[in-house]
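Residue numbers (our numbering): 175 to 660.
Only one structure is covered here, and it is reproduced in the block below.
The structure is reproduced here in structure tokens:
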């Protein structure tokens with residue numbers, strides 16, 4: 175830095191051997207000393223702000239599970255333990271879109287069947303530094319709460335249940351309803367900006383004692399490059415629609431907007447997106463992939479159904495459960511263009527992926543995995559097996575390659591601790607936050623050490639982190655806020 179200001183702290187103007195030069199140097203050094211003291215005070219103040227507030231890197235949680243990959247990963251750091259700040263209590267429990275699986279399959283004799291379409295078991299939230307937003311399946315509304323106090327700011331009533339949380343986009347929030355419309359409202363006032371319909375008409379049917387559209391919006395609204403993308407769909411024997419509109423106007427404007435009519439599919443659960451593709455869960459069938467720019471169909475991805483889906487940074491899709499008839503939880507990993515899974519994790523119902531690291535709930539344990547080493551070993555095993563001709567046994571060389579890869583695979587698991595079976599899992603900074611029936615806990619992502627736990631009424635099914643607060647949604651319809659009291 176160069177300056178001509180003689181009083182600037184970086185300009186010394188010293189002349190050796192003169193009284194004036196010595197005085198000028200002393201004066202400049204005194205200024206630097208004072209500046210250093212002020213800097214130290216400011217740094218100390220920032221440190222104590224962290225201690226008092228309990229967080230660094232305060233972030234928003236603008237969409238379902240944080241981002242369009244549904245990673246559930248935030249950089250926000252908590253200082254545990256957390257205090258209970260407030261609880262918003264709903265007068266009614268959530269009314270899920272589907273009542274759940276049959277109690278048992280008489281044909282196969284399987285019991286304890288899994289739900290494949292359980293995308294709205296609680297009032298999931300999105301949040302920024304000021305507000306908490308959620309949709310309600312019981313009062314057919316979108317709600318905004320004050321993030322600091324939990325007091326209601328506004329309520330917008332639609333014509334049917336709102337099943338997934340609003341997506342925050344600048345000064346607006348966008349959400350879909352079972353009435354077949356997508357709504358865009360001002361995030362502060364709730365005043366409507368625009369609304370648009372996804373289906374062909376306003377044709378209605380009765381569902382769970384409510385009148386809903388034949389094309390309800392049950393995918394939420396995904397914002398990508400100022401486009402609002404959503405699905406309007408109910409059953410596979412009716413046409414479904416994948417729609418992309420301008421997020422500011424709700425209109426199909428420009429080359430990137432589209433409306434695709436789809437046959438024999440059902441679009442249900444939160445959409446996902448990579449740089450070039452959109453992924454849409456179907457519940458009982460494998461997720462579908464589409465070109466983001468045009469909405470052109472790329473077909474089904476993998477073979478696992480369910481609505482719990484995560485897209486990794488290297489575009490691997492993790493989805494589960496595989497199908498309803500399996501009594502054991504299972505997550506399968508599929509690459510784009512693959513018709514079959516490249517890896518599967520039995521006994522797994524929830525996981526978090528951050529870069530090359532992953533954390534799994536497997537058979538009542540919380541485990542940490544080096545994903546890079548594990549998938550490399552899986553690839554070596556698959557390549558070795560693929561080289562073996564049909565009806566022949568692997569040679570000793572192939573068996574040696576497989577055994578070596580299996581050893582690497584086992585070593586990729588870094589630690590495991592008993593934790594029970596969580597219902598939800600997210601990552602905030604260095605902490606893994608897990609929701610259970612009647613409890614929420616935080617564990618160190620590096621060591622598995624238990625950092626904090628808090629009992630609560632109901633099952634902790636939804637977790638979100640924003641503005642120094644942890645928000646927990648339960649099957650009772652309640653929303654709990656935790657953080658550090660000022």
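Just so it is clear, CB atoms sit at the ideal spot from N, CA and C, and this is done for glycine as well.
On a predicted model such as this, the values are computed, not experimentally measured, just so you know.
{"Asked": "Separation of residue 312 from residue 295, as counted between CA atoms", "Found": "11 Å"}
{"Asked": "Residue 540 versus residue 523 - alpha carbon distance", "Found": "11 Å"}
{"Asked": "Residue closest to residue 470, alpha-carbon to alpha-carbon, out of 456, 418, 480, 630", "Found": "418"}
{"Asked": "Separation of residue 660 from residue 462, as counted between CA atoms", "Found": "47 Å"}
{"Asked": "Simplified DSSP assignment, three categories, for residue 650", "Found": "coil"}
{"Asked": "Local Cβ density within 10 Å of residue 589, reported as buried at 16 or more and exposed below that", "Found": "exposed"}
{"Asked": "Residue from 574, 349, 452 whose Cα sits closest to the Cα of residue 472", "Found": "452"}
{"Asked": "Residue environment, residue 194, which counts as buried when at least 16 other CB atoms sit within 10 Å", "Found": "Legend: pLDDT at residue 194 = 44, less than 50; position of this residue unreliable, value from coordinates given subsequently. Burial call: exposed."}
{"Asked": "Identity of the residues DSSP links to residue 519 by a beta bridge", "Found": "505"}
{"Asked": "Extent of the continuous alpha helix (DSSP H) to which residue 557 belongs", "Found": "545 to 560"}
{"Asked": "Segment limits, alpha helix (DSSP H) that includes residue 579", "Found": "570 to 585"}
{"Asked": "Euclidean distance between Cα positions of residue 521 and residue 652", "Found": "29 Å"}
{"Asked": "C-beta contact flag for residue 415 and residue 406 at 7 Å", "Found": "yes"}
{"Asked": "Exposed unless 16 or more other CB atoms sit within 10 angstroms - verdict on residue 375", "Found": "exposed"}
{"Asked": "Endpoints, the beta strand (DSSP E) within which residue 360 is located", "Found": "355 to 360"}
{"Asked": "Sequence-distant residues of the same chain with beta carbon closer than 6 Å to residue 542, five excluded per side", "Found": "533, 588, 589"}
{"Asked": "Endpoints, the beta strand (DSSP E) within which residue 249 is located", "Found": "No beta strand (DSSP E) contains residue 249, which DSSP labels as neither H nor E."}
{"Asked": "Nearest to residue 435 (by Cα), restricted to the options 404, 413, 644", "Found": "413"}
{"Asked": "Environment of residue 454 [buried if 16+ CB atoms lie within 10 Å]", "Found": "buried"}
{"Asked": "As assigned by DSSP and simplified to three states, the class of residue 486", "Found": "coil"}
{"Asked": "Segment contact flag, the region 314 to 325 with the region 388 to 399, C-beta cutoff 8 Å, min 3 pairs", "Found": "no"}
{"Asked": "Three or more C-beta pairs below 8 Å linking the region 238 to 247 and the region 618 to 628", "Found": "no"}
{"Asked": "Identity of the residue in 505, 302, 481 nearest residue 535 by Cα", "Found": "505"}
{"Asked": "Runs of beta strand (DSSP E) lying entirely within the region 588 to 628, each at least 3 residues, in chain order", "Found": "598 to 602, 605 to 618"}
{"Asked": "Beta-carbon proximity of residue 598 to residue 635, cut-off 7 Å", "Found": "yes"}
{"Asked": "Residue(s) in a DSSP beta bridge with residue 481", "Found": "In the DSSP output, where bridge partners are listed per residue, residue 481 has none listed."}
{"Asked": "Beta-carbon proximity of residue 431 to residue 489, cut-off 7 Å", "Found": "no"}
{"Asked": "Per-residue burial, residue 350 [other beta carbons within 10 Å of its own, 16 or more giving buried]", "Found": "buried"}
{"Asked": "Option in 632, 481, 353, 618 with minimal Cα separation from residue 252", "Found": "618"}
{"Asked": "Check whether residue 346 and residue 367 have beta carbons under 7 Å apart", "Found": "yes"}
{"Asked": "Alpha carbon of residue 404 to alpha carbon of residue 325, nearest angstrom", "Found": "30 Å"}
{"Asked": "From 305, 306, 255, 310, residue whose alpha carbon lies closest to that of residue 266", "Found": "310"}
{"Asked": "CB of residue 551 within 7 Å of CB of residue 573, strictly", "Found": "no"}
{"Asked": "Beta strand (DSSP E) runs wholly inside the region 317 to 351, at least 3 long, in chain order", "Found": "326 to 331, 341 to 343, 346 to 350"}
{"Asked": "Residues near residue 568 by beta carbon distance below 6 Å, same chain, minus five either side", "Found": "562"}
{"Asked": "Straight-line Cα distance separating residue 411 from residue 356", "Found": "23 Å"}
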